[in-house]
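Have a look at the structure below, then the notes.
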Amino acid sequence: MSGGIFSPLGSCSELEKANCHPLVCLLCHEPYQHPCLLDCYHNFCASCLRGRASDGRLRCPLCGHPSVVRGGTGLPPVDRLLQFLVDSSADGEEDVQCANCDRRCAKAVRAAGRAGWAGDPQWGHVCHQHPFIQELDTMYFCNTCGQPLCAPCREETHRAKMFARHEIVSLSKRTKDIHKKCPLHEEPYIMFSTEKKSMLCINCFRDMQGESRAHCIDIETAYMQGCQRLDQAVMAVKELQTSTREAIVLLKAMIEEVRNSASEEEAAINSLFGRMQEQLSERKKTLLKAVQSQHEEKEKAFKEQLAHLASLLPTLQVHLVTCSAFLSSANKAEFLDLGYQLMERLQRIVKLPHRLRPAQTSKINSEYRAEFARCLEPLLMLSPRRSVVGSASGIGPGITGTNMLPGGQCSKTLMVPGCPPDDDKMSTGPLVRKPTMHRYISTKVLLAEGRETPFAEHCRNYENTYRMLQTEIQSLKDQVQELHRDLTKHHSLIKTEIMSEILQKSLQMDVQIAAHYSAVEMMRSVFEEVWEETYQRVANEQEIYEAQLHDLLQLRQENNCLTTITKQIAPYVRSIAKVKERLEPR
C-alpha cells in the first residue's frame, strides 16, 4: 500500500491516465482510505504516507513539494471533501431492497452519473420482480416514507392521492439525514452563515449575536450562491487546465527546439574549432619560421662581434705586456725617446671604434599573442578596440621597451633600475604594445593610398614632429652615454656645465613631448566620431593613433630614465670638480 516514488510522466495521455479516477490513490491504486491532503493539493492514503515524514516535513511522492506536518502522527490533515466523496461512493455501492418488492435490487453509485459512467453496463440496475427494467433512473427514494422504491412500485404504491405530498427523488440524489439536522440541537437546518461558512438551525440562529445574524441567509439562497461561486471556480480551474495543456505542448516543442539548437550549436562549434585550428596551425608555422629567422640573424651578429672582440683581446694583451717590459728595461733617455710613441699608439688603440656593446638584444619577440588574435579576428568576427595592455608605470628595470633604441639596438648605459616616471596623466595613460616600426610602416601605407582625410593630414604633421623629437632624444642619449663611459671607464673629468646643459635640454624635451602628447590627445574626440560611424574602415587608423601615443610615451620614458641617470651622475661630477679645484688652485 505504501507505493514508491513516481517517475516523471512522459506525455499528456500519461498524465490524464494517471489522474483519470478521482477516488483512487496514485500510490497504491486502490480506493482512498483516509485520504490526506498535502500542501501541493495532491491526495494519498494515510497508510501510503505513513513513515515518509522527516524533520516535520513530508515530501510529495508525485511532485516532490515539501509539506509541513504537525502532530505525532507525522501525517497531513485528512481531506474532508475527498473523504465525503469516498464515503458517498461506498454507501452507493451497497445493495438496497425495494420497500415493496420481495427481492433485492442493486443500487447504482450516485457518483457514477456525475463521472459519466451511466452508459457502462456494469452500472445497470436490475429489479428481480420487474426484470425488464435496467435503467439507472429506475430506483427512487421516498424521503417522506424513508424507503427505496423501484419505478414500477413507485407507480403502484404512490399513485393514490394520499401520497401526492410525498417527496420522491432519484436514489442517486437523495439527501442524507446527517446533513438535514443540527447535531447540537437536533433541529433541521434552515439558515446558512456566510461569515462562518456553516449551516444553522433555529436555535443556532437565536444564539448568534445581532451583527452575525446579518450574514445569515436561507439554505436555498446559500445553495444558489454557492453553486454560482463554484461554477466560477470551476471555470477558473478549466481555464488553468487549458493553459496547462497548452504549456505542456509548448514545453515539449521547446524541448525539441532545444535539442535541435544544441545539435546545431555543437556542429557550429566543431566547424569553427576546426577552422580555428587550421588558421592557428598555419600562423604557428609562420611564427616559428620568424623566430628561427630572428634566432639565426641574432646569433650571426653576436658571433661576428664575438670574433672581433676575440681578435682584439690578444692585441690589448700584447701592448700591455709591451708597456710593462718597456718600463722595466728602458732608461730615462730611452723612455723619453720612445715613450710618447708608445702612448700615442695606446691612445689610438683605445679610440678605435670597438663594438663593445651588443648590437641588438638577445630577446626574440614574435608578438605571437597579437598574431594569433589577428588571425582569429575574421573567424570570430571581432573588431575590438585596442585595449590597454600596460602602463608607463609598469616599466621595470633592465632592458625593457623604454630603453630600447630604434632599430632594435639596446644601450647598456640605460639599464638603470628604478627610473621613476613622472606622476602625470601621461604616465598613467594606456600603453599599446605596438612596435614603432609597425606604426611607421602602417602610416606609410595609409599615406600612400592618397586619400585626403583629417587623419591622414594628422599623420603627416605627427611624423614630422615625432622625427624632430626622436632626433633630439637620440642626441641627448648619445651625449649621456659618452659622458657615462668617460666617467666610469676612462675616469675622465667632466665639466659641470655640460651636465647642467644636458639636464636642461632633457627638461625642455619633456615639456615639448608633453605638449605634443596633449595636442594629439585632444584630437581623440574628433577621430572617435569618425570611428564610430565607420569603425571597420578606420580600424587601421585607430591602431596607428594608439601606437603614436605609445611611441610618445616611450620617448618620454626614455627621457625620464635619461634625466635620472644625469641626476645620478651629477653629484660625482661636482665632487670631482671640487677635488680638482683643491689640487689645482688658481
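If you're matching positions, the sequence shown starts at 1 in full-length UniProt numbering and goes up one per residue. Virtual Cβ for every residue (Gly too), placed ideally from N, Cα, C. Quantities reported herein were computed from a predicted structural model and do not represent experimental measurements.
Open item on the list: Which complete beta strand (DSSP E) runs does the stretch 272–327 hold, if anything under 3 residues is left out?
Closed with: Listed in chain order, there is nothing to give.
TODO: For residue 572, count neighbouring Cβ atoms within 10 angstroms of its own Cβ and tell me buried if that reaches 16, exposed if not.
DONE: Position 572 of the sequence shown, counted from the first residue, corresponds to residue 572. That one is exposed.
Open item on the list: Assuming the contact rule is C-beta atoms closer than 8 angstroms, residue 76 and residue 86 should be a hit. Round their C-beta distance to whole Å, please.
Closed with: Taking the sequence shown and counting its residues from 1, one reaches residue 76 at position 76. Taking the sequence shown and counting its residues from 1, one reaches residue 86 at position 86. With 8 angstroms as the limit, residue 76 and residue 86 do not qualify as a contact, their Cβ atoms being about 16 angstroms apart.
TODO: Return helix, strand or coil for residue 182, following the three-state DSSP convention.
DONE: Along the sequence shown, read from residue 1 onward, the residue named residue 182 stands at position 182. Coil at residue 182, not helix or strand.
Open item on the list: So residue 477 and residue 562 are supposed to be a Cβ contact under 8 angstroms. How far apart are they, rounded?
Closed with: On the sequence shown, position 477 is the one that residue 477 refers to. On the sequence shown, position 562 is the one that residue 562 refers to. Contact flag correct, Cβ pair sits at about 6 angstroms.
- [ ] May I ask you to list the residues that DSSP assigns as paired with residue 36?
- [x] Sequence index remark: in the sequence shown, residue 36 carries index 36 (1-based). In the DSSP assignment, the residues bridged to residue 36 are 44, 78.
- [ ] Consult DSSP for residue 249 and reduce its assignment to one of helix, strand or coil.
- [x] Reading the sequence shown from its first residue, position 249 is the one you call residue 249. Residue 249: helix per DSSP, three-state reduction.
Open item on the list: Would residue 217 pass as an interface residue toward chain B - the criterion being a Cβ-Cβ separation below 8 angstroms?
Closed with: Judged by its chain identifiers, the structure shown contains no chain B, having just a single protein chain.
Open item on the list: I'd like to check one pair, residue 372 with residue 455: are the Cβ atoms closer than 8 angstroms?
Closed with: Counting from one through the sequence shown, the residue named residue 455 turns up at place 455. Counting from one through the sequence shown, the residue named residue 372 turns up at place 372. No. Outside cutoff.
Open item on the list: Is it the case that the stretch 228–248 contacts the stretch 204–212, given that we only count it when at least three CB pairs across the two stretches are under 8 angstroms?
Closed with: With a cut-off of 8 angstroms, the stretch 228–248 and the stretch 204–212 do not count as touching, because too few Cβ pairs lie within range.
- [ ] Quick one: give me the first and last residue of the beta strand (DSSP E) that residue 193 is part of.
- [x] In the sequence shown, counting from the first residue as 1, residue 193 sits at position 193. Here the beta strand (DSSP E) through residue 193 covers 191–193.
Open item on the list: Do residue 201 and residue 216 count as a contact pair if the criterion is CB distance below 8 angstroms?
Closed with: What you label residue 216 is simply residue 216 of the sequence shown in a count that begins at 1. What you label residue 201 is simply residue 201 of the sequence shown in a count that begins at 1. In this structure, residue 201 does not lie closer than 8 angstroms to residue 216 by Cβ.
Task: Bridge partner(s) assigned by DSSP for residue 58 - done: Taking the sequence shown and counting its residues from 1, one reaches residue 58 at position 58. Under the DSSP definition of a beta bridge, residue 58 partners with 67.
Open item on the list: Short of 7 angstroms in beta carbon distance, which residues of its chain neighbour residue 510, apart from the five on each side in sequence? Order them along the chain.
Closed with: On the sequence shown, residue 510 is found 510 positions in, with the first residue counted as 1. Closer than 7 angstroms at the Cβ level, and outside the excluded window around residue 510, lie 556, 559.
TODO: Assign residue 360 to one of three DSSP states: helix, strand, or coil.
DONE: To locate residue 360, count along the sequence shown from 1; it is residue 360. In the structure shown, residue 360 sits in coil (DSSP, three-state: anything other than H, G, I, E or B).
Open item on the list: Count Cβ pairs between the stretch 355–363 and the stretch 299–306 that sit closer than 8 angstroms; are there 3 or more?
Closed with: The answer is yes - the stretch 299–306 touches the stretch 355–363, with three or more Cβ pairs under 8 angstroms.
Task: Environment of residue 120 [buried if 16+ CB atoms lie within 10 Å] - done: On the sequence shown, residue 120 is found 120 positions in, with the first residue counted as 1. Low confidence applies here, because residue 120 scores a pLDDT of 43, under 50, leaving its location unreliable; read the following figure in that light. Exposed, since its Cβ has fewer than 16 Cβ neighbours within 10 Å.
Open item on the list: Using a Cβ-Cβ cutoff of less than 7 angstroms, which residues in the same chain neighbour residue 479 once the five nearest sequence positions on both sides are dropped?
Closed with: If you number the sequence shown from 1, residue 479 lands on position 479. Within the same chain, residue 479 has close Cβ partners 502.
TODO: Would you mind working out which of 26, 499, 504, 507 sits nearest residue 577, comparing C-alpha positions?
DONE: Here residue 577 corresponds to residue number 577 of the sequence shown, with the count starting at 1. Considering only alpha carbons, the answer is 499.
Task: Within 8 angstroms, strictly: CB atoms of residue 196 and residue 189 - done: Here residue 196 is taken as the residue at index 196 of the sequence shown, counted from 1. Here residue 189 is taken as the residue at index 189 of the sequence shown, counted from 1. No, Cβ-Cβ distance for residue 196 and residue 189 is not below 8 angstroms.
Task: Host beta strand (DSSP E) of residue 148 (start-end) - done: On the sequence shown, position 148 is the one that residue 148 refers to. Per DSSP, residue 148 belongs to the beta strand (DSSP E) from 147–150.
Task: Beta-carbon gap between residue 28 and residue 45 smaller than 8 angstroms - done: The residue you call residue 28 lines up with position 28 of the sequence shown. The residue you call residue 45 lines up with position 45 of the sequence shown. Closer than 8 angstroms, so yes.
- [ ] Would you be able to state if there are at least three C-beta pairs under 8 angstroms between the stretch 541–548 and the stretch 453–469?
- [x] They touch, by the three-pair rule.
Open item on the list: Given a cut-off of 8 angstroms on the beta-carbon distance, is the pair residue 469 and residue 517 in contact?
Closed with: Residue mapping note: residue 469 aligns to position 469 of the sequence shown, counting from 1. Residue mapping note: residue 517 aligns to position 517 of the sequence shown, counting from 1. No.
- [ ] Over the uninterrupted alpha helix (DSSP H) stretch that includes residue 216, give me the two end residues.
- [x] For this step, residue 216 is matched to residue 216 along the sequence shown. Looking at the DSSP string, residue 216 is not in any alpha helix (DSSP H); the run it does join, the beta strand (DSSP E), is 216–218.
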